[in-house]
Every structure is written in C-alpha cells, then in structure tokens.
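Participant:
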Amino acid sequence: MIVRMLLRVLALAAKFGLTVMIARKLGFAAVADYGLAVAASVIASKVFGLGFSSELNRRLSGVHPSGAIRTARTLRWVYGALYLLVVAAVCVALCTDGWTDVVASSKPALFLITMVAMGEHYALESNSYVFSLHHARAGSFMLFVRTGGWAIIAIGGLATGYIVDMRLVFALWIAANVLVIVWAWRVIDETGCHGRDDIAGTTGASVCHGWADGIQFYVAGVMLSCLQYAERFIAAPYLTHDELGRYVFAWSVANAVQTVAYASVVVTAGPRLAKTIVVVPERFRAVLRGSLTTLLALALTMAGVILVAHEPVFRLAHEETGSVATLLILLVSFVLRSLGDLMWAAAIALKAGRHVAFGMAVLVAASLPVAMWLIPGNGQTGVALAHLFASLLIVTWLAWIVRRGLRDAALNARVEERPC
Numbered sequence: 324m325i326v327r328m329l330l331r332v333l334a335l336a337a338k339f340g341l342t343v344m345i346a347r348k349l350g351f352a353a354v355a356d357y358g359l360a361v362a363a364s365v366i367a368s369k370v371f372g373l374g375f376s377s378e379l380n381r382r383l384s385g386v387h388p389s390g391a392i393r394t395a396r397t398l399r400w401v402y403g404a405l406y407l408l409v410v411a412a413v414c415v416a417l418c419t420d421g422w423t424d425v426v427a428s429s430k431p432a433l434f435l436i437t438m439v440a441m442g443e444h445y446a447l448e449s450n451s452y453v454f455s456l457h458h459a460r461a462g463s464f465m466l467f468v469r470t471g472g473w474a475i476i477a478i479g480g481l482a483t484g485y486i487v488d489m490r491l492v493f494a495l496w497i498a499a500n501v502l503v504i505v506w507a508w509r510v511i512d513e514t515g516c517h518g519r520d521d522i523a524g525t526t527g528a529s530v531c532h533g534w535a536d537g538i539q540f541y542v543a544g545v546m547l548s549c550l551q552y553a554e555r556f557i558a559a560p561y562l563t564h565d566e567l568g569r570y571v572f573a574w575s576v577a578n579a580v581q582t583v584a585y586a587s588v589v590v591t592a593g594p595r596l597a598k599t600i601v602v603v604p605e606r607f608r609a610v611l612r613g614s615l616t617t618l619l620a621l622a623l624t625m626a627g628v629i630l631v632a633h634e635p636v637f638r639l640a641h642e643e644t645g646s647v648a649t650l651l652i653l654l655v656s657f658v659l660r661s662l663g664d665l666m667w668a669a670a671i672a673l674k675a676g677r678h679v680a681f682g683m684a685v686l687v688a689a690s691l692p693v694a695m696w697l698i699p700g701n702g703q704t705g706v707a708l709a710h711l712f713a714s715l716l717i718v719t720w721l722a723w724i725v726r727r728g729l730r731d732a733a734l735n736a737r738v739e740e741r742p743c
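The sequence shown begins at 324 in the numbering used here and counts up by one.
1. How would you label Glu554, buried or exposed, when you count the other beta carbons within 10 angstroms and need 16 or more for buried?
2. Using the Cα positions of Val685 and Gly480, report the straight-line distance between them to the nearest angstrom.
3. Three Cβ pairs or more, each shorter than 8 Å: is that satisfied between the stretch 355–362 and the stretch 555–568?
4. Where do the ends of the alpha helix (DSSP H) carrying Asn701 lie?
5. Check each candidate in Tyr445, Ala411, Lys369 and Ala391 and name the one with the smallest Cα separation from Tyr402.
6. Mind listing, in chain order, the continuous alpha helix (DSSP H) runs of no fewer than 4 residues lying wholly within the stretch 410–479?
7. Below 8 Å between beta carbons: does that hold for Leu673 and Val631?
8. Assuming Val628 contacts Met666 (C-beta within less than 8 Å), just tell me the rounded distance between them.
9. Let me confirm a value: Ile522 is counted as buried when at least 16 other C-beta atoms fall within 10 Å, else exposed. Which label applies?
10. Do Ser463 and Val580 count as a contact pair if the criterion is CB distance below 8 Å?
11. Taking 8 Å as the threshold (C-beta atoms), are Ser449 and Ala507 in contact?
12. So, are the CB atoms of Tyr452 and Ile511 less than 8 Å apart?
13. Do Leu653 and Ala573 have their CB atoms nearer than 8 Å?
14. In whole angstroms, what is the alpha-carbon distance linking Val332 and Arg677?
15. Near Arg727, which residues of its chain fall below 7 Å by C-beta distance, leaving aside the five closest residues on each side in sequence?
16. Looking only at its chain, what residues have a beta carbon closer than 6 Å to the beta carbon of Ile366, apart from the 5 residues adjacent to it on each side?
17. Given a cut-off of 8 Å on the beta-carbon distance, is the pair Ala668 and Leu596 in contact?
18. Please list the terminal residues of the continuous alpha helix (DSSP H) segment that includes Asp664.
19. Pop quiz: Val468 and Ala499 are said to be a contact at Cβ under 8 Å. What is the actual Cβ separation, rounded to whole angstroms?
20. Taking DSSP as the reference, what is the three-state secondary structure of Ser384?
21. Evaluate the contact criterion for the stretch 333–345 versus the stretch 404–418: three or more CB pairs, one atom per stretch, below 8 Å.
22. Can you check which of these residues, Gly372, Leu383 and Glu513, is closest to Gly544 by C-alpha distance?
23. Taking the alpha carbon of Ala709 as the point to measure from, which residue in Thr591, Ala689, Leu721 and Leu383 has its own alpha carbon closest?
24. Under 8 Å, do Phe493 and Ile436 count as touching if we go by C-beta distance?
25. Cα-Cα, which of Leu651, Gln703, Thr616 and Gly442 is closest to Leu567?
26. Please classify Thr525: does DSSP put it in a helix, a strand, or coil?
27. Among residues of its own chain, excluding the 5 on either side of Ile486, which ones have a beta-carbon nearer than 7 Å to its beta-carbon?
28. For Ala586, count neighbouring C-beta atoms within 10 Å of its own C-beta (all shown protein chains included) and say buried if the count is 16 or more, exposed if not.
29. Put Leu722 into one of helix, strand or coil per three-state DSSP.
30. For Val326, tell me which candidate among Leu379, Met546, Val588 and Leu398 has the shortest Cα-Cα distance.
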C-alpha cells in the first residue's frame, strides 16, 4: 500500500501543479476548460461502460478469470463502435452555429475534450482489469502514468513556454491514455496465457449475462457521477466563468482526499472483497472493517494536511481570495465520498445492484432541488454546500445497503448450516 500511496501522492501533486500552472499561465478560464474535461471524462467513464464494468471486474477478481478476459477482448469491439458514434455526434454538434457559446469553449478544445473522455474511459477500463487480476503494482504504475506522468510533462511545457494553450495539454493527456491501454493489454494477455481456463467460453449469451448482472450498477454509476459534478453545471448560470474556475480550483485541491484514498485503499480493497465473498465469505466483514479503518485514517489525515497548507497553495495560483469555508466544506464532502467509494466496492461484491440503483435515483431526485435552492445568491459556498449534501446522502444510503447485505448474508449462512 505504501508504494501505491506514494505514487498516488506524486500523481496528485503533479495534477495539482498542473492546475496551478494552468491558472498562472493560461488563466482561470483555462482552468474552467480543464475542469470541464475532468467532469466529462469522469461521467464518460461511467456512461461508456454500458453496464459491463462492475460485473466484469468482479469476475476478473475470481480464481479462474480466463473467461472474463475473453469477454473483455470482445468488449473492445463494442466500445470501438460506441466511440465512432460519439465522434460522429460531436462533429455534428460542433457544426451547429452557436453551440459552443453554451459552454464557452472553442470547437477544437471541445473536440479534444471528447477525445480525452473516450481515452480516459478505456484507459480506466483497462487499468481496472489489471487491478482486478490482482496485479496491484503494475496497475499502480499505469495509474500514475495516466494521472500524473503526463501532467509532469505538461507542467514542464507550460513553464518553458512550449505549451501555450489547452489543446496541447489535452493532446498529452490523450497520448498517456493510449500508452496505458497498450501496456495494460500486454499484462492482461500474459495473464490469460498463463492462467488456468474456466468452464464458460465467451459467447454472446455470456456477454449478455454479464451485462444483465452489471446493468444496475451501470445505471447507479451514471447517477453517482452526475451527483459528483451536478453542482458545477447548475452553478454555471449563476457564477461568472472566472468564479466557476476558482470553485473548480478549490474542488481540485479538496478532491485530493478522495483520489489518494481511492488509489491507496479502495482500488485493491474492491477486488479483495469480491474474492473474499466467494472463497471465504465469513471473513468479508473483517476485511471490510480493516479497509474502512485504514481508509478513514488516511482520508482524515489528508484533509488535515490540506487544511493546514491551503494558504500557500492558493497563493501559488494567484488565488488570494480563496474561501476557507468553501475549502473546509469540500474537504468534509470528499472524506464522505471516500467512504462512499469503499461502500460502493462492497455493494458490488455483495451483488446489491438493484438496491444501489434505486437509491441513487432517489438521491438524484432529492439532491438536485436542494442544489438549485442553495446555489443562487450564495456563490462558491452554496455550490460547496450542494456537493456536501449530495455526499452525505450517498454515503448514508450505501452504508445502509452494505449493512443490510451483510445481515442477509449472515441469515442465509445460518439457514444453510441448519440440519435437515
């Protein structure tokens, strides 16, 4: 875990340094474009999964993953067709006069943001396959390349003047994702060659079965991603582009809590929980408790460090008016989101997709009106409060689902042990 945490902290420092450098060299309007790319890539990583990701990764975490690897190979063609449709749709949209005025970005930038979103999706998919196959070290280095390695190069380019607009930054991001995809599939192919085969082959029926098992988490994941960024889009009509960029900057600083916690704990806890529930289900609660304790300690430590060091950090970006209240609210929110990430992984292992999807639909219906009430007239603080409210709803619902799943699993175990 130490290596993963160090790599993630280094990548996080690089991404933060990139945000600061963009703010200093290109202005907060460019930070807003960068924030749009981040939001688009995260939402795309959920939407473009088409319902296959959670169940496929659960199968890859099992004892004999060869059939799941064949399914992953088949899905490459599915995703390729999807990307072609997306590119065609974006090209048509960009040819519509006035469309870019809605998001205040240039057509080349919007096209590159689309390419970033597609590359980020499949790089994430491929990287998650490597983690699910229990190649944690290789997966961690891939994660560093696609989240921090390219950012270091971009910082150097901005500092030396070789990069003068966001289009080159986006191009570096795309190249890093392509590199990770190629690297990940090399590891996956080697695992498929050396691993023991399982019974089920890759047929249309098996792919559809995996989709049916994962569609609930797909729907829930799309809604969860919307809740992660909804307040940003709701705030757009009420904040200037510069003010929105400043909120994105504070959000990026506070988001360090969730990103470090995910890469250090959740990324390996998920496959471990999925394997434990199958091999030694009686240990599932203990594994979850241990991961939860580690994650909470790490998230609170990160939040404290960020709060103490926020003043020089904001000054680096020429952001002298950064609100401590906004940052504090976002830090609390991201501690809760970190806990939610682990609860999400546990819910996948427990196959509680139906309850998760239903809950997320209710949470979206509850949180969006509250966000629309909080944001107008309250500036960045209102946007941060909307984010915190959504985080509280998310972690409460997921924790209830996991607790219910553990209780049901214990009852089923007692029924099976009861003598006839």
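Each residue gets a CB set at the ideal place from its N, CA and C atoms; glycine is no exception.
All values reported here derive from a predicted model rather than from experimental measurement.
Facilitator: Taking the structure as given:
1. As a first step, residue 554 must be located in the sequence shown, where it is residue number 231. Result: buried.
2. For this step, residue 685 is matched to residue 362 along the sequence shown. For this step, residue 480 is matched to residue 157 along the sequence shown. Roughly 45 Å between the two C-alpha positions.
3. yes
4. Looking up residue 701 in the sequence shown gives position 378. First-last for Asn701: undefined, no H or E at that position.
5. Residue mapping note: residue 402 aligns to position 79 of the sequence shown, counting from 1. Checking every option, the nearest Cα to that of Tyr402 belongs to Tyr445.
6. 430–455 and 459–467
7. What you label residue 673 is simply residue 350 of the sequence shown in a count that begins at 1. What you label residue 631 is simply residue 308 of the sequence shown in a count that begins at 1. No.
8. Translated into positions along the sequence shown, residue 628 becomes position 305. Translated into positions along the sequence shown, residue 666 becomes position 343. The pair is not a contact, with the Cβ atoms about 24 Å apart (cut-off 8 Å).
9. By 1-based counting over the sequence shown, the position of residue 522 is 199. Bear in mind that a pLDDT of 46 at Ile522, under 50, signals an unreliable position, so the model cannot answer this.
10. By 1-based counting over the sequence shown, the position of residue 580 is 257. By 1-based counting over the sequence shown, the position of residue 463 is 140. Taking 8 Å as the Cβ cut-off, Val580 and Ser463 do not qualify as a contacting pair.
11. As a working note, residue 507 is residue 184 in the sequence shown. As a working note, residue 449 is residue 126 in the sequence shown. Closer than 8 Å, so yes.
12. Position 129 of the sequence shown holds residue 452. Position 188 of the sequence shown holds residue 511. Remark: C-beta atoms of Tyr452 and Ile511 approach each other more closely than 8 Å.
13. Here residue 653 refers to the residue found at position 330 when the sequence shown is read from its first residue. Here residue 573 refers to the residue found at position 250 when the sequence shown is read from its first residue. For the pair Leu653 and Ala573, the CB atoms are nearer than the 8 Å cut-off.
14. For the purposes of this step, residue 332 is identified with residue 9 of the sequence shown, where counting begins at 1. For the purposes of this step, residue 677 is identified with residue 354 of the sequence shown, where counting begins at 1. One C-alpha to the other measures close to 35 Å.
15. The residue you call residue 727 lines up with position 404 of the sequence shown. Excluding sequence neighbours, Arg727 sits near nothing in its chain.
16. Locating residue 366 in the sequence shown gives position 43, where the first residue counts as 1. Once the five neighbours on either side are set aside, the close Cβ partners of Ile366 are Ser548.
17. For the purposes of this step, residue 668 is taken as residue 345 along the sequence shown, with counting starting at 1. For the purposes of this step, residue 596 is taken as residue 273 along the sequence shown, with counting starting at 1. For Ala668 and Leu596, yes; Cβs fall inside 8 Å.
18. Your numbering for residue 664 matches position 341 in the sequence shown. Per DSSP, the unbroken alpha helix (DSSP H) holding Asp664 starts and ends at Val647 to Ala672.
19. On the sequence shown, residue 468 is found 145 positions in, with the first residue counted as 1. On the sequence shown, residue 499 is found 176 positions in, with the first residue counted as 1. Going by Cβ atoms, the distance from Val468 to Ala499 rounds to 6 Å, so yes, they are a contact pair.
20. By one-based count along the sequence shown, residue 384 stands at place 61. If DSSP states are grouped into helix, strand and coil, Ser384 belongs with coil.
21. no
22. For the purposes of this step, residue 544 is identified with residue 221 of the sequence shown, where counting begins at 1. Out of Gly372, Leu383 and Glu513, Gly372 has the C-alpha closest to the C-alpha of Gly544.
23. Residue 709 sits at position 386 when you count from the first residue of the sequence shown. It is Ala689.
24. Residue numbering aside, residue 493 sits at position 170 when the sequence shown is read from its first letter. Residue numbering aside, residue 436 sits at position 113 when the sequence shown is read from its first letter. The Cβ-Cβ distance between Phe493 and Ile436 falls below 8 Å.
25. Here the question's residue 567 lines up with position 244 in the sequence shown. Taking the Cα of Leu567 as reference, the smallest distance to any Cα among Leu651, Gln703, Thr616 and Gly442 is reached at Gln703.
26. As a working mapping, residue 525 is identified with position 202 in the sequence shown. Interpretation of Thr525 is limited by its pLDDT of 49, a score under 50 that renders its predicted location unreliable; no figure is taken from the coordinates.
27. Numbered from 1 along the sequence shown, position 163 holds the residue referred to as residue 486. Excluding residues within five positions, the ones whose Cβ falls inside 7 Å are Ala477, Gly480 and Val492.
28. As a working note, residue 586 is residue 263 in the sequence shown. With 16 or more Cβ atoms within 10 Å of its Cβ, Ala586 is classed as buried.
29. Locating residue 722 in the sequence shown gives position 399, where the first residue counts as 1. Just to set this straight, residue 722 is Ala in the shown sequence, not Leu. Helix.
30. Locating residue 326 in the sequence shown gives position 3, counting from the first residue. Of the candidates Leu379, Met546, Val588 and Leu398, the one whose C-alpha sits nearest the C-alpha of Val326 is Val588.
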